[in-house]
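Just below is one structure, and these are the notes that go with it.
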């Protein structure tokens, strides 16, 4: 039999979890909307003939990097505790990829 004190604790814990899930859902919906907006901006940038490729390509790469950050932190839950090891491997991979691209660009254009 559950007494009133433990029932109150269970109810408060349930309310806390509901609020936490509602907040996470709000961030996911907001992030999804921002990613749709960034995608529309990227398409409009390409569709506009007034902007040269010297601006369009780096701008689209920047928008893609922003979308990757949103994907990792809000949809893949990398902002929560307990994801330190996957985050370390992910950031190490990004660092190695950056060094590799930098080396190729240096070799080709130097």
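Residue numbers (the working numbering): 9 to 118. Positions of the beta carbon are idealized from the N, C-alpha and C atoms, including for glycine.
Could you name the residues of the same chain whose beta carbon sits closer than 6 Å to that of residue i, not counting the 5 residues immediately before and after it, in chain order?
i, result
"residue 69", "none"
Where does residue i sit, in a helix, a strand or coil, going by DSSP?
i, result
"residue 62", "helix"
"residue 47", "helix"
"residue 75", "helix"
"residue 117", "helix"
Against chain D, with Cβ distances strictly below 8 Å, would residue i count as a contact?
i, result
"residue 27", "The chain labelled as chain D is not found in the depicted structure, where only one protein chain is given."
For residue i, collect the residues of the same chain with a Cβ closer than 7 Å to its Cβ; drop the 5 residues on either side in sequence, then sort them by chain order.
i, result
"residue 67", "53"
Are residue i and residue j close, meaning C-beta to C-beta below 8 Å?
i, j, result
"residue 93", "residue 86", "no"
Can you tell which of the options has the C-alpha that lies nearest to the C-alpha of residue i?
i, options, result
"residue 79", "19, 23, 43", "43"
Meets three-Cβ-pair contact criterion under 8 Å: the segment 48-64 and the segment 22-36: no
Check whether the segment 43-55 and the segment 69-82 are in contact - that is, three or more C-beta pairs closer than 8 Å. Three or more pairs of CB atoms, one per stretch, sit closer than 8 Å, so the segment 43-55 contacts the segment 69-82.
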